[in-house]
């Protein structure tokens, strides 16, 4: 069992690549393939998808034979928090504007770390708001809504 | 003389007030991220991509380029003072630089790094100016099969120099190529592989891909191993190196510059490889080779000149062939495409102001960097006291606003989130994202050249072997693959890349 665990990164990566290869190769079949001389839109993705699927199987096999790398352990918590902070930003920026979106994102992202204090969150939000206003709105003239109307 | 009038045009563009300003912003940002471990030039360029949308093409590239070579200066500062390479390309500088600092010779070490970098930057600028025009003339004569094979070689080279498994790196290239095919097919106008999403008609958003894979994923990686940094801001005194110091760095600087310039041009090369190679050479040939490793000034000058030279000559294949030699160059090409400029050998003819302005700005930027880095070294080091999570939050917020300002749609925010997660998964599985980016950038061009070649030869694939230039590129690609698969080299390669 231990030997199997050692190749886990390769097993998972192999499955990922194989599935993606099969998926794209399959999807590209719905477009015109054409001939080798006059390739249609489906040909190039079909060729690439097929090669990727085969390569994925090779990597998978290598992983099963346990000569591959161990998968790295990375914490899942911060990933969820960071993605959540992006989502919250996305949902607040249109209806309310940056004034709400940035502080909300800052609070969530800071909360994930051990460095959270309300004072720091407030200071950071204020600083970022001013910075983004100066860079995007004032300087580059991009219409990012500070306060949505 | 042509060369002089070209340089004059370059100075005209680079010395325009707004371009000087953007050059300054670029090198300033570069120095800053160079000092900070955990945020590299790659992430910074990705995050700043949306900001460049509303800028002139020349200003945009001048600023982004400044970040790349500016980071080479900043990285050496922390390498010397804190034994902490701000960038991978400065890792080797810690060996002698930190020893010098411990012996109370931090000043001369910093000066040697800055001066040798400046020398290298100057020479590399001249090399880029001299070689770019003839090379793009050669490339313009390429027929589609040669172009196709050249891109294949470029992609293989990115695999050779990626860390970790070769197979996985090839798979990442293929994945990138496939992602590049999403969107409207140039020949038939068919919307391909968009899974019914109209938003994907123009293809996957490059900004979201770049920020997700390099900006946010890099941050996630560093969140785990956050170390408490002890900042020993001892007063750095006696910045000026003595006359004997200066004499000792002349030869290593010249050697480093040459090595860096040569390795920077190679596909897959760039700053990191250059600095390692220069140090190894210096250890073999230097007069004071016994001292190297124990605080010899040569051990600072050689890698620092090499990484700066390499980071600049890496622009040659990017500008003349449209071939990115590393992920940073892929982002530069992405920035060009976003500006509506088709990368390739025609740039020098169609956009001479952009081309020469960028080259001259590199020299001006190097000058700014010497002035910025030496007197203000204490200021930069103080930035290390910023807690990493605070930096993370600031980067996240800036990325979100940036990508929103670039597209104004929730869909692109979703793409950003998806690529951030993908970047995380790739990291877990030991797959480098750089080859994917190269594949993504080169995908549409590769397909176009393949289809043209096949039209030209009426469907005969041997055309890639009968055309001499094309055959040459393919032979080189196969050799490169064979070399890394050779067991002895595979082992050495692991050792080299393990260090960072």
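Residue numbers (this note's numbering), protein chains in the order written: chain C, 6 to 154; chain A, 1259 to 1758. Here a beta-carbon is modelled for each residue, glycine too, at the ideal position from N, C-alpha and C.
Check: Three-state class that DSSP yields for residue 1455/A in the structure shown; Outcome: coil
Check: Burial state of residue 1743/A (16 or more Cβ within 10 Å); Outcome: exposed
Check: 7 Å Cβ shell around residue 1397/A - same chain, five flanking residues per side excluded; Outcome: 1578, 1579 and 1603
Check: Anticipated Cβ contact below 8 Å, residue 1641/A with residue 1293/A, distance rounded; Outcome: 6 Å
Check: Endpoints, the alpha helix (DSSP H) within which residue 1697/A is located; Outcome: 1692–1714
Check: Inside the region 115–150 of chain C only - alpha helix (DSSP H) runs reaching at least 4 residues; Outcome: 123–137
Check: 7 Å CB neighbourhood of residue 1758/A in its chain, flanking five on each side removed; Outcome: Caution applies to residue 1758/A, whose pLDDT of 35 falls short of 50 and renders its modelled position unreliable; the model cannot decide the point.
Check: Where residue 43/C sits in the DSSP three-state scheme; Outcome: coil
Check: Counterpart residues of residue 1450/A in DSSP-defined beta bridges; Outcome: 1441/A
Check: Per-residue contacts from residue 1281/A into chain C (C-beta, under 7 Å); Outcome: The contacting residues do not exist; residue 1281/A stays about 16 Å from chain C at best.
Check: Chain-ordered chain B contacts of residue 1671/A [CB-CB under 7 Å]; Outcome: Absent here is chain B; the protein component of the structure consists of chains C and A.
Check: Beta-carbon proximity of residue 1522/A to residue 1570/A, cut-off 8 Å; Outcome: yes
Check: Close-in-space but distant-in-sequence residues of the same chain around residue 132/C (CB under 6 Å, 5 per side omitted); Outcome: none
Check: Every unbroken alpha helix (DSSP H) within the region 1357–1426 of chain A, with a cutoff of 4 residues, ordered by chain; Outcome: 1364–1398 and 1402–1418
Check: C-alpha gap between residue 162/C and residue 1374/A, whole angstroms; Outcome: Nothing about residue 162/C can be read from this structure; chain C reaches only from 6 to 154.
Check: Given 8 Å, three or more beta-carbon pairs between the region 1546–1563 of chain A and the region 1592–1609 of chain A; Outcome: no
Check: Which listed residue (1634/A, 1650/A, 1621/A and 1723/A) has its alpha carbon closest to that of residue 1385/A; Outcome: 1621/A
Check: In chain order, each beta strand (DSSP E) run of at least 3 residues that lies wholly inside the region 1575–1650 of chain A; Outcome: none
Check: Proximity below 8 Å, CB of residue 1678/A to CB of residue 1468/A; Outcome: no
Check: Coil, strand or helix - residue 1260/A by DSSP; Outcome: helix
Check: Residue 1465/A: first and last residue of the uninterrupted alpha helix (DSSP H) it sits in; Outcome: 1464–1468
Check: 8 Å Cβ cutoff, residue 1383/A in contact with chain C; Outcome: no
Check: Continuous alpha helix (DSSP H) stretch holding residue 57/C: start and end; Outcome: 48–69
Check: First and last residue of the uninterrupted alpha helix (DSSP H) at residue 1302/A; Outcome: 1299–1306
Check: 8 Å Cβ cutoff, residue 100/C in contact with chain A; Outcome: no
Check: Reference residue 1584/A, options 1387/A, 1427/A, 1609/A and 1419/A, closest by Cα; Outcome: 1419/A
Check: Spatial distance of residue 1651/A from residue 48/C (CA atoms); Outcome: 44 Å
Check: Below-8 Å beta-carbon distance, residue 1652/A vs any chain C residue; Outcome: yes
Check: Proximity of residue 1519/A and residue 1381/A at Cβ, strictly below 8 Å; Outcome: yes
Check: Residue 102/C, DSSP secondary structure in three states; Outcome: coil
Check: Exposure of residue 1360/A, with buried meaning 16 or more beta-carbon neighbours within 10 Å; Outcome: exposed
Check: Cβ neighbours of residue 1366/A in the same chain (closer than 6 Å, five flanking residues each side left out); Outcome: 1499 and 1503
Check: Local Cβ density within 10 Å of residue 1392/A, reported as buried at 16 or more and exposed below that; Outcome: exposed
Check: Contact residues within the region 1670–1697 of chain A, judged by C-beta distance below 7 Å to chain C; Outcome: 1671, 1674, 1675, 1678, 1679, 1682, 1685, 1686, 1687, 1688 and 1689
Check: Cutoff 8 Å: residue 1439/A Cβ touching any chain C Cβ; Outcome: yes
Check: Through-space distance from residue 1565/A to residue 1530/A, alpha-carbon basis; Outcome: 6 Å
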